[in-house]
Amino acid sequence: MAVVLVGVGADSGNITPVPKLGENGRFEFLPIPEKAPATTETRTLGSMSQRYGDGPLAELVDGIRPNSDEDWIRDEKRVRTHPVHYDPNLEALTYGEGGKDQNVNAIEEHLGEGDILAFYTGLETAGRMHRYVFGYFTLAEDPIIINPDTDEEKKETILENHPENGHTKRFKDNGELYALDPEMSQGASRVAIVDGRKPGRLLDRAVRLSGPADTGNYYMKDSIEETLNPNTAYLGGFKPPIRCDISAADFVEFVESQQ
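So this is what it looks like as structure tokens:
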């Protein structure tokens, strides 16, 4: 059994202001803005309600930047109506990874049916950013890896079987699984499609991983490192995938005991 943590979610590169930790560890999950040219995703920050506040998620956001080489979008209507890349989808328990090959490699090499894929992100906490686990699921099957040379018929069949996955929604309306990256040809990266089952969910309270930080880099608290036994305590800068030597059952107990 294995557990892999991947770093995802909105951050200072694509949403302003950055998401914040609320009272008693509660938080709002802010998906990143979709950066592909088109998607069948209908969710937007204007259509998604806050879990613990009044109004839509858009009321927490002043601007979005779907692509790092583009200008910020600050027009209120455009912020409210721009589609999100709803990934992970912790309602349908599905996740697609196509932006970071190191994440794809970690998923492919270390996870199989019955293992845990967990998600961590940055949340502003008393004026400082910290790293928190915000959701997880148990793998319902082995991960499916789509390579650049996977033939179109096989690719379409895979995606038809994962209709709620954010990368499927990109493909349906865009003809590609991947967002356009100006540094590489479209479709150059591999994609991992991971479907889950319970136990798994969007947590009510975020579980803090990081300890005190004096620089822009973050590391696990000693107590968390002792519990999770990770291959690295480094949490970024850029958020790396982390493999933890802990059983699925013990990981579930670890996060659920803090809810």
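Position one of the sequence shown corresponds to residue 8 (my numbering), numbered consecutively onward.
From the three backbone atoms N, C-alpha and C, an ideal C-beta is built for every residue, glycine too.
All values reported here derive from a predicted model rather than from experimental measurement.
> Any idea if Ser-217 is buried or exposed, counting beta-carbon neighbours within 10 angstroms, 16 or more meaning buried?
Replying inline: On the sequence shown, position 210 is the one that residue 217 refers to. Ser-217 comes out buried.
> Excluding the five sequence neighbours on either side, which residues of its own chain have a C-beta within less than 8 Å of the C-beta of Asp-229, listed in chain order?
Replying inline: The sequence position of residue 229 within the sequence shown is 222, counting from 1. So the qualifying residues of the chain are Gly-218.
>> Please classify Phe-141 as buried or exposed, where buried requires at least 16 neighbouring CB atoms within 10 angstroms.
In response: Your numbering for residue 141 matches position 134 in the sequence shown. Answer is buried; the Cβ neighbour count reaches 16.
>> Please state the DSSP three-state secondary structure of Lys-84.
In response: Taking the sequence shown and counting its residues from 1, the one referred to as residue 84 is at position 77. The answer is helix: DSSP assigns Lys-84 an H, G or I state.
>> Between the alpha carbons of Thr-132 and Asp-158, how many angstroms are there, rounded?
In response: Locating residue 132 in the sequence shown gives position 125, counting from the first residue. Locating residue 158 in the sequence shown gives position 151, counting from the first residue. Each residue's alpha carbon lies about 46 Å from the other.
>> Extract the residue ranges of the beta strand (DSSP E) inside the segment 105-180, only unbroken runs of 3 or more that lie entirely within it.
In response: List check, beta strand (DSSP E) in window: 123-132, 135-146 and 151-153.
> At which residues does the alpha helix (DSSP H) containing Ile-253 begin and terminate?
Replying inline: If you number the sequence shown from 1, residue 253 lands on position 246. Note, Ile-253: premise wrong, no alpha helix (DSSP H); not H, not E.
> If we ignore side chains and look at the alpha-carbon of each, how far apart do Gly-32 and Gln-266 end up?
Replying inline: Looking up residue 32 in the sequence shown gives position 25. Looking up residue 266 in the sequence shown gives position 259. For Gly-32 and Gln-266, the distance between alpha carbons rounds to 9 Å.
> By DSSP, does Asn-74 sit in helix, in strand, or in coil?
Replying inline: Here residue 74 corresponds to residue number 67 of the sequence shown, with the count starting at 1. Asn-74 carries a coil assignment under DSSP once its states are collapsed to helix, strand and coil.
> Quick one: Cα of Tyr-93 to Cα of Glu-233, how far?
Replying inline: The count along the sequence shown starts at 1 and reaches residue 93 at position 86. The count along the sequence shown starts at 1 and reaches residue 233 at position 226. It is roughly 32 Å from the alpha-carbon of Tyr-93 to the alpha-carbon of Glu-233.
> Using a beta-carbon distance below 8 Å, is Asn-154 in contact with chain B?
Replying inline: In the displayed structure, chain B is absent; only one protein chain is listed.
>> Measuring only the C-alpha atoms, how far is Val-111 from Leu-52?
In response: As a position in the sequence shown, residue 111 is number 104, starting the count at 1. As a position in the sequence shown, residue 52 is number 45, starting the count at 1. Rounded to the nearest angstrom, the two C-alpha atoms are 27 Å apart.
> With 16 other CB atoms within 10 Å as the buried threshold, where does Gly-223 fall?
Replying inline: The residue given as residue 223 occupies position 216 in the sequence shown. Exposed.
> Based on Cα-Cα distance, which residue from Ile-22, Val-11, Leu-28 and Pro-38 lies nearest to Gly-173?
Replying inline: Within the sequence shown, residue 173 is the residue found at index 166, counting from 1. The option with the nearest alpha carbon to Gly-173 is Pro-38.
> Around the Cβ of Tyr-143, are there at least 16 other Cβ atoms within 10 angstroms (buried) or fewer (exposed)?
Replying inline: Taking the first residue of the sequence shown as 1, we reach residue 143 at position 136. By the neighbour-count criterion, in which a residue is buried when 16 or more other Cβ atoms sit within 10 angstroms of its Cβ, Tyr-143 is buried.
>> Rounded to the nearest angstrom, what separates Gly-243 and Tyr-226 at their Cα positions?
In response: For the purposes of this step, residue 243 is identified with residue 236 of the sequence shown, where counting begins at 1. For the purposes of this step, residue 226 is identified with residue 219 of the sequence shown, where counting begins at 1. Here the alpha carbon of Gly-243 sits roughly 7 Å from the alpha carbon of Tyr-226.
> Between the segment 161-176 and the segment 101-111, are three or more C-beta pairs nearer than 8 Å?
Replying inline: The segment 161-176, when compared against the segment 101-111, does touch it at the 8 Å Cβ threshold.
>> Using DSSP's beta-bridge definition, name the partner residues of Gly-203.
In response: Walking along the sequence shown from the start, residue 203 turns up at place 196. Bridge partners of Gly-203: Leu-146.
> Can you name, in chain order, every residue of its own chain whose Cβ lies under 6 Å from the Cβ of His-117, other than the five neighbours on each side?
Replying inline: Position 110 of the sequence shown, counting from 1, holds the residue named residue 117. Ala-9, Val-11 and Arg-250.
> For Gly-194, is the classification buried or exposed, using 16 other Cβ atoms within 10 angstroms of its Cβ as the cut-off for buried?
Replying inline: By 1-based counting over the sequence shown, the position of residue 194 is 187. Caution applies to Gly-194, whose pLDDT of 44 falls short of 50 and renders its modelled position unreliable; the value that the coordinates give is listed next. Buried, because 16 or more other Cβ atoms sit within 10 Å of the Cβ of Gly-194.
>> Under DSSP, the beta strand (DSSP E) around Leu-242 begins and ends at which residues?
In response: Within the sequence shown, numbered from 1, the residue matching residue 242 stands at position 235. Annotation for Leu-242: the continuous beta strand (DSSP E) segment containing it runs 241-243.
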